[in-house]
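Residue numbers (the numbering used here), protein chains in the order written: chain A, -17 to 244; chain B, 30 to 302.
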């Protein structure tokens, strides 16, 4: 039996090598001093990290991505927290249908959603590109916000809320002073997960970007089409570091178990 | 609580989704049936009779199917191994599987461009050890897309399966063994059937994900089109929005057919009934 487990362990090791190896390789090549990506790199240099800051579009689109993800997140919270609260607090007719509606943006293929939004949000509704991008990302983030917050509300004991109400606090005051602080870590985790989803999004953004407005992943795609120098590798390392930091915070707040639930 | 309060909580989100998702999607689908004011299915006929379009659809389905099967074959044993580990090791391995999942698909596809390219890592190592004489042309082929997609979705199926396998009572395995089943038989007759619901959810995620992925085929597929890059090409490069809407509708229909079929299969195969 030990033998078989060892085989399985080795197999799993190779699976993780396959998953993480490419990310390691891209990290190592980012230190290449030459102008062509090589593995192993022919020396050690940080020039491509400097280059991130010299390519003006990267800074500009990083900024756009940040603003869109953060503002979209805020909007998704404003729309999502009340909905998540209603869906987990009350029993009512049509609840499972509404649940499905709020989760549905993840079921529609992203590329289809992007195209439909270009057609209607940008062209028919005539929203400016920036606003369209923001709206698109809000729709994208809403299901994540609602799911994570609903799951932390399901761990919340509503008897505490009843107690507060019976002691004379109003509904809003109770929500603000009792419910919200209790699910705070769930909300922060929801924000981070939604942020990563939005920040990395290509499918919707690729249709919603236009003259002068682009997001970082779209700019990276464009750059890769025309250049094959290690700048993207360096940028990838920066993005991966941000991902690790956010993952660490999510783990602290609610554990990574969110990801294993479907 | 009064009904009105409940609706007030749900209304803003619902309105937003209706305005910015439901109407755009519904109108996109509807628009495929009308041309110059009259009802038509010409767009679909055009799609379904053109060998070039059909080839793209076929390639997409093939790539998605192979990706899904490979993810199951690679992910299932790994997930089983992880689910058996102690909490500490399990946590580390899960974190290592979740990390790529949260990493940009642009970064992940780009890493495969470095590896699979003509002068890439794979070719240069194979050439230097003399295993091949000419560089392999992998990048910009369906194979490259499959590798990229397997890389993209393998973590998804692993963590989904670990989530399910964790909840299988280990006593069931012991019971099977004490009744005389070999370790492998016990695995086959206890773990596998009980993992089926998770396996199906995982397969839906991988299959639908591969079917609709854009970044990976766009970067690794080169001129090889799949349905999502074809949609983009029609919408942006060719400006043929009628065709793009037809493709979008076909993608939605396929997605829902796959989800529906797999869910049916799940209820059928679920040992709990």
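Every residue, glycine too, gets a C-beta built ideally from N, C-alpha and C. The structure displayed is predicted, hence computed values, not measured ones.
Own chain partners of residue i with C-beta closer than 8 Å, once the 5 adjacent residues on each side are dropped
i, result
"residue 103(B)", "179 and 183"
"residue 114(B)", "122"
"residue 277(A)", "Nothing in the structure corresponds to residue 277(A), since chain A is present only between -17 and 244."
"residue 227(B)", "189, 190, 192, 193 and 194"
"residue 130(B)", "184, 185 and 188"
"residue 211(A)", "17, 18, 19, 30 and 33"
"residue 48(B)", "none"
"residue 284(B)", "237, 240 and 241"
"residue 262(B)", "254"
"residue 281(B)", "54 and 58"
"residue 160(A)", "142, 143, 146 and 151"
Rounded straight-line distance, which links the Cα of residue j to that of residue i
i, j, result
"residue 74(B)", "residue 44(A)", "43 Å"
"residue 164(B)", "residue 137(A)", "56 Å"
"residue 210(B)", "residue 130(A)", "41 Å"
"residue 276(B)", "residue 50(B)", "18 Å"
"residue 145(A)", "residue 108(B)", "44 Å"
"residue 83(B)", "residue 105(A)", "30 Å"
"residue 200(B)", "residue 219(B)", "11 Å"
"residue 106(B)", "residue 100(A)", "42 Å"
"residue 140(A)", "residue 154(A)", "14 Å"
"residue 37(B)", "residue 244(B)", "39 Å"
"residue 213(B)", "residue 181(B)", "30 Å"
"residue 132(A)", "residue 235(A)", "15 Å"
"residue 20(B)", "residue 94(A)", "A question about residue 20(B) goes unanswered here, because the residues of chain B that appear run from 30 up to 302."
"residue 14(A)", "residue 274(B)", "44 Å"
"residue 171(A)", "residue 111(A)", "29 Å"
"residue 39(B)", "residue 63(A)", "9 Å"
"residue 119(B)", "residue 112(B)", "7 Å"
"residue 229(A)", "residue 162(B)", "44 Å"
"residue 152(B)", "residue 60(A)", "51 Å"
"residue 252(B)", "residue 145(B)", "16 Å"
"residue 58(A)", "residue 192(A)", "23 Å"
"residue 71(B)", "residue 65(B)", "12 Å"
"residue 216(B)", "residue -4(A)", "22 Å"
"residue 135(B)", "residue 202(A)", "7 Å"
"residue 41(A)", "residue 194(A)", "13 Å"
"residue 167(A)", "residue 158(B)", "53 Å"
"residue 149(A)", "residue 71(A)", "19 Å"
"residue 91(B)", "residue 173(B)", "13 Å"
"residue 75(A)", "residue 177(B)", "44 Å"
"residue 0(A)", "residue 240(A)", "24 Å"
"residue 246(B)", "residue 158(A)", "46 Å"
"residue 86(B)", "residue 164(A)", "49 Å"
Whole-number beta carbon distance between residue j and residue i, since they are thought to touch under 8 Å
i, j, result
"residue 4(A)", "residue 154(B)", "Not quite, the Cβ-Cβ distance comes to about 14 Å (not below 8 Å), so this is no contact."
"residue 50(A)", "residue 197(A)", "7 Å"
"residue 199(A)", "residue 183(A)", "7 Å"
"residue 89(B)", "residue 255(B)", "4 Å"
"residue 76(B)", "residue 279(B)", "7 Å"
"residue 189(A)", "residue 124(A)", "Actually they are not in contact, since the Cβ atoms of residue 189(A) and residue 124(A) sit about 18 Å apart, beyond 8 Å."
"residue 222(A)", "residue 132(B)", "6 Å"
"residue 142(B)", "residue 248(B)", "6 Å"
"residue 12(A)", "residue 216(A)", "4 Å"
"residue 68(A)", "residue 35(B)", "6 Å"
"residue 169(B)", "residue 250(B)", "6 Å"
"residue 7(A)", "residue 150(B)", "6 Å"
"residue 128(B)", "residue 225(A)", "7 Å"
Beta-ladder partner(s) of residue i, from DSSP
i, result
"residue 182(B)", "Partner(s): none; residue 182(B) has no beta bridge."
"residue 67(B)", "64(B)"
"residue 195(A)", "192(A)"
Close-in-space but distant-in-sequence residues of the same chain around residue i (CB under 7 Å, 5 per side omitted)
i, result
"residue 270(B)", "264"
"residue 88(A)", "125"
"residue 92(A)", "185 and 186"
"residue 98(B)", "none"
Beta-carbon proximity list for residue i, same chain, < 6 Å, skipping 5 on both sides
i, result
"residue 160(B)", "none"
"residue 147(A)", "156"
"residue -9(A)", "none"
"residue 114(A)", "103, 104 and 190"
"residue 218(A)", "8"
Residue i CB to nearest heavy atom of the ligand NAP below 7 Å
i, result
"residue 74(A)", "What this structure holds is no ligand at all, so the ligand NAP is not there to describe."
C-beta neighbour in chain E for residue i, strict 8 Å
i, result
"residue 75(B)", "In the structure shown, chain E does not exist; the protein chains are A and B."
Q: Pair every Cβ in the region 22 to 32 of chain A with every Cβ in the region 173 to 186 of chain A, then say whether three or more of these pairs are closer than 8 Å.
A: The region 22 to 32 of chain A makes no contact with the region 173 to 186 of chain A, as fewer than three CB pairs between them are under 8 Å.
Q.
Contact between the region 54 to 63 of chain B and the region 193 to 206 of chain B is defined here as three or more beta-carbon pairs at a separation below 8 Å; is this criterion met?
A. no
(Q) For the region 45 to 64 of chain A against the region 118 to 127 of chain A, do three or more pairs of beta-carbon atoms, one drawn from each stretch, fall closer than 8 Å, so that the two count as touching? (A) yes
Q. Are three or more beta carbon pairs between the region 230 to 237 of chain B and the region 120 to 137 of chain B nearer than 8 Å?
A. Touching, no.
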